[in-house]
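Asks:
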Amino acid sequence: MTAASPPAPFLDPAKSMACIHCGLCLASCPTYLETGNENDSPRGRIYLMRALQDGRLAPGDSTARHLDLCLGCRACEAVCPSGVQYGELLEHTREHLEQNYSRPLAQQFLRRIAIEKVFPFPERLELALLPAWIVKGLRLEWLLPKFAREALALLPAGPDPAPLPEFCPAPAPARERVGFVSGCVMSVLFGGTNAASARLLNDAGCDVVTPGDQGCCGALFAHGGQLDAARACARRNIAAFERHQLSTIVINAAGCGSTLKEYGALLRDDPDWAERARRFSARVRDLTEVLPRPTAGPTPPTAADARVTYHDACHLAHAQRITRQPRDLVRAVAGDRFVELPEADVCCGSAGSYNLTEPAMAGRLQRRKIENILKTGAKTVVTSNPGCLLQIRAGLLKAGARDVEAIHIADYLDRGPR
Ligand code: SF4
Ligand code: SF4
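Per my numbering, residue 266 is the first one in the sequence shown, and the count goes up by one each step.
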């Protein structure tokens, strides 16, 4: 590691100095749990960030490796007694790395083209996935190399676009008019889940407005250090939702939800947008925050052993601190068939596009998650983020656990009693 002259500060000095090195976050950090290396822990990474900021370290392969290996899961942030805003520090450090460090070509292609030019655009994503679905449909996976077979295992059998109409009215006069964020991956791969979410909101007395001119929330850009691109996404969405009179803006994907709730912070230095962004973020709610608990009581067991468990999506549990509401909803349907998942809030390895950029660590965390799921004996795993769903489904498939389903909480509630 080479010393260098100090770069322009990219971290808020007070925020970067908030870490008191107590180490209380270490046991919550999935990568530290797996490697035991301090440089792969929150404390070690904050040390690296400060060294980059002070110019004691130049951006290089070794530093980038430890920072790239961070999932951005923010488990450290949730347990930090010092209130370290790790997510923000990471995003700004990644922006600094993007501007000052050149990655190997394969990583650049993956990040600049596949992740940033395809995933955030539903039409391009659908087109890009077409060959994959043809291979899957013809069962030709065996022709592919191992990494491609594993990537393919992440996909559902086919597209599920089912676009939501711009207006889904409640059956009776509505008590509220809410906006709905349909998401990029959600609208291509989980259109049925979006429809289920709208039905649940309608049943809860909400008219649902899904503006057609909304776009990507910007999470993939923000997590990858492309903050200007994330800000452009934020401005587009704020303008799209401002055109409607909405009490609340609802999202059913945890990763997107946490970014939408942080538009205020993302645009705080933009005088034209700061206040609009703050107002937008203040109205964003995860679906599980707005749905009432079903009142019909638990469903009767459908099989001798029909246990149900819940996996916390990192950006719901850690970034948004929402853990009770989804459990209450699942418990209302599952009753005493609900079982807690060991390490429920440890990342499954999906982490946005992490399972593409860091497949080895993502695979280790996937195996860890699946082992814990199988220990519960549950036949249904409920969660609230598309990335987790794909990662867990692929893991169950690899483990040969074909009798265990992973399902989005909206689909789980939609098929239960109201
Ligand atoms: S990030 Fe927080 S919990 Fe972790 S070492 Fe620093 S102060 Fe302690
Ligand atoms: S964000 Fe997650 S992986 Fe990264 S340092 Fe914090 S706990 Fe560890």
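All C-beta atoms, glycine included, are put in the ideal place defined by N, C-alpha and C.
Note that the structure is a prediction, hence the values are computed from the model and not measured.
Here's a check: name, in chain order, each residue in its chain whose Cβ is nearer than 8 Å to the Cβ of A268, leaving out the five neighbours to either side.
Replies: Note on A268: pLDDT 49, under 50, position unreliable in the model; the coordinate value appears next. For A268, where only same-chain residues beyond five positions count, the Cβ hits under 8 Å are G320, R321, L322, A323.
Asks: Report the CB separation of C290 from R308 in whole angstroms; it is logged as a contact under 8 Å.
Replies: At roughly 7 Å, the Cβ-Cβ gap stays under 8 Å, so C290 and R308 are in contact.
Asks: By the three-class DSSP mapping on this structure, what secondary structure does C498 have?
Replies: Looking at C498 - three-state DSSP - the assignment turns out to be helix.
Asks: Of all the options G562, R632, C579, H576, which has the alpha carbon lying nearest to the alpha carbon of A599?
Replies: Comparing Cα positions, the closest option is G562.
Asks: Could you check what DSSP says for R544 in three-state terms: helix, strand or coil?
Replies: Note: R544 maps to helix in three-state DSSP.
Asks: When every heavy atom of ligand 1 is checked, does at least one fall within less than 7 Å of the C-beta of L355?
Replies: Incorrect: L355 has no Cβ contact closer than 7 Å to ligand 1.
Asks: If you follow the alpha helix (DSSP H) that H361 is part of, which residue opens it and which one closes it?
Replies: Counting along the chain, the alpha helix (DSSP H) containing H361 begins and ends at 351-365.
Asks: Nearest to F384 by alpha carbon, out of V573, C481, I587, G660?
Replies: Considering only alpha carbons, the answer is C481.
Asks: Tell me whether S447 counts as near ligand 2, meaning its Cβ is closer than 7 Å to at least one heavy atom of that ligand.
Replies: Every heavy atom of ligand 2 is 7 Å or more from the Cβ of S447, so no.
Asks: Check whether the Cβ atoms of A431 and V474 lie closer than 8 Å to each other.
Replies: Before going on, a small fix: residue 431 reads as Glu here, not Ala. Yes; because the gap between Cβ atoms is below 8 Å, this pair is in contact.
Asks: If we define contact as Cβ-Cβ less than 8 Å, is I516 a contact residue for chain C?
Replies: The structure shown contains no chain C, having only a single protein chain.
Asks: How many angstroms separate the CA atom of P434 from the CA atom of A460?
Replies: Cα to Cα, P434 sits roughly 12 Å from A460.
Asks: Judging by CA-CA distance, which residue of K640, E670, V611 is the nearest neighbour of R629?
Replies: The shortest Cα separation from R629 among K640, E670, V611 belongs to V611.
Asks: To the nearest whole angstrom, what separates the beta carbons of P651 and A518, a pair I think is in contact under 8 Å?
Replies: That belief holds up - the Cβ atoms of P651 and A518 are roughly 6 Å apart, short of 8 Å.
Asks: Starting from T458, follow its DSSP beta bridges and name the residues at the other end.
Replies: None, per the DSSP bridge assignment.
Asks: Could you say which of A675, L313, T622 lies nearest to P369 if we only look at CA atoms?
Replies: Answer by Cα proximity: T622.
Asks: Confirm the yes/no value for this check: CB of C294, any heavy atom of ligand 2, distance under 7 Å.
Replies: Yes.
Asks: Could you tell me whether the Cβ atoms of H357 and L485 are closer together than 8 Å?
Replies: Taking 8 Å as the Cβ cut-off, H357 and L485 do not qualify as a contacting pair.
Asks: Please state the DSSP three-state secondary structure of D326.
Replies: Of the three classes helix, strand and coil, the one that applies to D326 here is helix, per DSSP.
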